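Residue numbers (this note's numbering), protein chains in the order written: chain A, 1 to 111; chain B, 1 to 112.
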């Protein structure tokens, strides 16, 4: 069965620290990959997506993610986080036409 | 992009009752999805609703508990039947557009 695994449940960083959130998926077919963000009290928003081509994709607000096919991974990165990045981050895979989400990683950024 | 409106935005319900959530999209879409986000957890797909056919339910979800209607290409409803406190959750309607999933703001249900 398809699944998405996010390595960290809760990450706490200080402002200006670098961020990397891990995401691994289990699906044998062609995948589309996504990172969504949910700010406190708000609905889900798309950060970035990968369909094909350059495996390093850039999203909004300085986020980027790298698709490594051999590792079935799609890790999210940001060189320098801000307090406003405090949110929950979800990795998702479009597997056969439906989106499967990971468990989510709560990011807390200390000012 | 798609704009999705859900009603109600929140409700408090008594055990044993049923509640229907409405989802309205501002454009015609083929596939609509219903997700559940339980407190502190990720999104779990309940079912896929296509217009003109019965909804397709994911493992662990059944039509008797979560009946879905899809009368046209812009509207869908999800009913949570015979509710228990375990059904307290945010229920989200979403649509697929240009390979991206768009979400409504969700309906937060609390079952007492």
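No residue lacks a Cβ here, since even glycine has one placed at the ideal position from N, Cα and C. Remember, predicted model here, so these are calculated numbers, not experimental data.
Quick check on this structure: which residue in the options has the alpha carbon closest to the alpha carbon of residue i?
i: residue 68/A; options: 77/A, 55/A, 61/A, 79/A; result: 55/A
i: residue 2/B; options: 75/B, 79/B, 107/B, 91/B; result: 75/B
i: residue 30/B; options: 95/B, 18/B, 17/B, 11/B; result: 95/B
i: residue 103/A; options: 49/B, 105/B, 68/B, 41/B; result: 41/B
i: residue 18/B; options: 37/B, 4/B, 77/B; result: 77/B
i: residue 93/B; options: 110/A, 86/A, 51/A, 99/A; result: 99/A
i: residue 16/B; options: 22/B, 88/B, 53/B, 49/B; result: 88/B
i: residue 14/B; options: 82/B, 90/B, 97/B; result: 82/B
i: residue 71/B; options: 38/B, 51/B, 26/B; result: 51/B
i: residue 105/A; options: 96/A, 111/A, 92/A; result: 92/A
i: residue 100/B; options: 14/A, 47/A, 27/A; result: 47/A
i: residue 26/A; options: 40/A, 6/A, 82/A; result: 6/A
Check the Cβ of residue i against every Cβ in chain A and list those closer than 9 Å, keeping chain order.
i: residue 75/B; result: Neighbours of residue 75/B on chain A: none; closest Cβ ~19 Å, over 9 Å.
Which residues share a DSSP beta bridge with residue i?
i: residue 97/B; result: 100/B
i: residue 87/A; result: 107/A
i: residue 76/B; result: 23/B
i: residue 17/B; result: Per DSSP, none; premise fails for residue 17/B.
i: residue 107/B; result: 91/B
i: residue 56/B; result: 48/B
i: residue 20/A; result: 77/A
i: residue 64/B; result: None; residue 64/B has no bridge partner.
i: residue 11/A; result: 107/A
i: residue 26/A; result: 3/A
i: residue 70/A; result: Residue 70/A is not bridged to any residue.
i: residue 92/A; result: 34/A, 101/A
Within a Cβ cutoff of 6 Å, which residues of the same chain sit near residue i, ignoring the five residues on either side of it in sequence?
i: residue 44/A; result: 36, 38
i: residue 12/A; result: 108
i: residue 94/A; result: 32
i: residue 79/A; result: 18
i: residue 50/A; result: 33, 57, 67
i: residue 80/B; result: 19, 87
i: residue 67/B; result: 79
i: residue 7/B; result: 22
i: residue 72/A; result: 24, 25
i: residue 42/A; result: none
Could you list which residues in chain B have their beta carbon closer than 8 Å to that of residue i, in chain order?
i: residue 102/A; result: 42
i: residue 32/A; result: 99
Along chain A, in chain order, which residues have C-beta atoms closer than 8 Å to that of residue i?
i: residue 33/B; result: 98, 99
i: residue 106/B; result: 43
For residue i, go through chain A and note every residue whose CB falls closer than 7 Å to its CB, in chain order.
i: residue 48/B; result: 98
i: residue 103/B; result: 43, 44
Here's a check: name, in chain order, each residue in its chain whose Cβ is nearer than 7 Å to the Cβ of residue i, leaving out the five neighbours to either side.
i: residue 75/A; result: 20, 21, 22, 23, 65, 66
i: residue 44/B; result: 35, 36
i: residue 28/B; result: 73, 74
i: residue 56/B; result: 47, 48
Listing by chain order, which chain B residues have their CB less than 9 Å from the CB of residue i?
i: residue 90/A; result: 42, 43
Answer yes or no: does any C-beta atom of chain C fall closer than 7 Å to that of residue i?
i: residue 27/A; result: The structure shown contains no chain C; its protein chains are A and B.
Less than 8 Å between C-beta atoms, sequence neighbours within five positions excluded: which residues of the same chain meet that for residue i?
i: residue 85/B; result: 15, 111, 112
i: residue 85/A; result: 19, 61, 78, 107, 109
Could you check if residue i belongs to the surroundings of the ligand FMN, using beta carbon to heavy atom distance under 6 Å?
i: residue 63/A; result: As far as ligands go, the structure on display features none, and thus does not contain the ligand FMN.
Under 7 Å (Cβ pairs) to chain B, residues found in the region 38–56 of chain A: 43, 44, 46, 49, 51
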